[in-house]
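Protein chains in written order, with our numbering: chain V, 1 to 115; chain U, 1001 to 1112.
For each residue, glycine too, the CB sits at the ideal point set by N, CA and C.
In this text the structure is predicted, and so the values were computed from the model without any measurement.
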Amino acid sequence: GAVVSQHPSWVICKSGTSVKIECRSLDFQATTMFWYRQFPKQSLMLMATSNEGSKATYEQGVEKDKFLINHASLTLSTLTVTSAHPEDSSFYICSAPGTGGYEQYFGPGTRLTVT
Amino acid sequence: DAKTTQPPSMDCAEGRAANLPCNHSTISGNEYVYWYRQIHSQGPQYIIHGLKNNETNEMASLIITEDRKSSTLILPHATLRDTAVYYCIVRFPGGGADGLTFGKGTHLIIQP
């Protein structure tokens, strides 16, 4: 089956710094990828749609200048959390649609802790 | 996407069949029913999807009522590794351009 990887799996950074999270589709190409955020004991919330070759689209309430998304190639999307604050601490997960257009494949997630 | 309703939690004995219900009374004619699950601290995993016929794959079976207003995901022989939050999502097919909207799901706990 299709595999999506994320790097790093966890990261700790200091308040005010930036951190980059990578999402890769390992055995298929993805012109679109999605980024989600999940706070403890809550469900996943869609943050943004990453589009290869064009700007990302953000869900209402998500600051595009804070969460920079770059879809550099057909297999790589990156999410950069800029000027991170403790309230940005969360589990960040990416996904890519399968080639059949029905299912989506998720990465293992990145645990971000801002101190 | 149509709204879904799932029980917040369920228990099931290991080795027994786990039957997870989902209500989606506002589903439209072309919307599919999808099931995903999320094991603790991992990314969600696609399980199965269907339109109106019952579906089965190596992981589970999906039973959709004739009026399509509800469905049941069946894990035929649950194991401890099936403990996870299960999400029922209703959406149009070919949704490669759209992210998923997750509800609260059902926390399935498999008891030894």
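Against chain V, with Cβ distances strictly below 8 Å, would residue i count as a contact?
| i | result |
| --- | --- |
| U:L1100 | yes |
| U:Y1086 | no |
| U:K1104 | yes |
| U:Q1042 | yes |
| U:H1024 | no |
According to DSSP, what are the bridge partners of residue i?
| i | result |
| --- | --- |
| V:Y92 | V:R37, V:T110 |
| V:R24 | V:S5, V:L76 |
Just to confirm before moving on: does the CB-CB distance between residue i and residue j stay below 8 Å?
| i | j | result |
| --- | --- | --- |
| V:K20 | V:T78 | yes |
| U:P1008 | U:K1104 | yes |
| V:T110 | V:Q6 | yes |
| U:G1099 | V:F67 | no |
| U:L1075 | U:V1033 | no |
List the residues of chain U whose Cβ lies closer than 8 Å to the Cβ of residue i, in chain order.
| i | result |
| --- | --- |
| V:Y105 | Y1046 |
| V:F39 | Residues of chain U passing the Cβ test: none, with the nearest at roughly 12 Å. |
Sort the options by Cα distance to residue i and report the nearest one.
| i | options | result |
| --- | --- | --- |
| U:V1085 | U:R1016, U:K1003, U:G1015, U:P1021 | U:P1021 |
| V:S15 | V:S89, V:D65, V:M33, V:P40 | V:S89 |
| V:F39 | V:M33, V:M47, V:T32 | V:M47 |
| V:S50 | V:L44, V:K41, V:G61, V:Y36 | V:Y36 |
| V:G116 | V:P8, V:I69, V:L44 | Within the shown structure, residues of chain V are numbered from 1 to 115, placing residue 116 of chain V beyond reach of any answer. |
Taking only beta-carbon atoms, is residue i less than 8 Å away from chain U?
| i | result |
| --- | --- |
| V:G53 | no |
| V:P8 | no |
| V:P86 | no |
| V:L68 | no |
| V:S43 | yes |
| V:F34 | yes |
| V:L46 | yes |
Residue i versus chain V: which residues are under 8 Å apart at the beta carbon?
| i | result |
| --- | --- |
| U:H1049 | Y102, E103 |
| U:P1093 | G101, Y102 |
Anything in chain C within Cβ reach of residue i, meaning under 8 Å, just list it in chain order.
| i | result |
| --- | --- |
| V:I93 | The chain labelled as chain C is not found among the protein chains of the depicted structure, namely V and U. |
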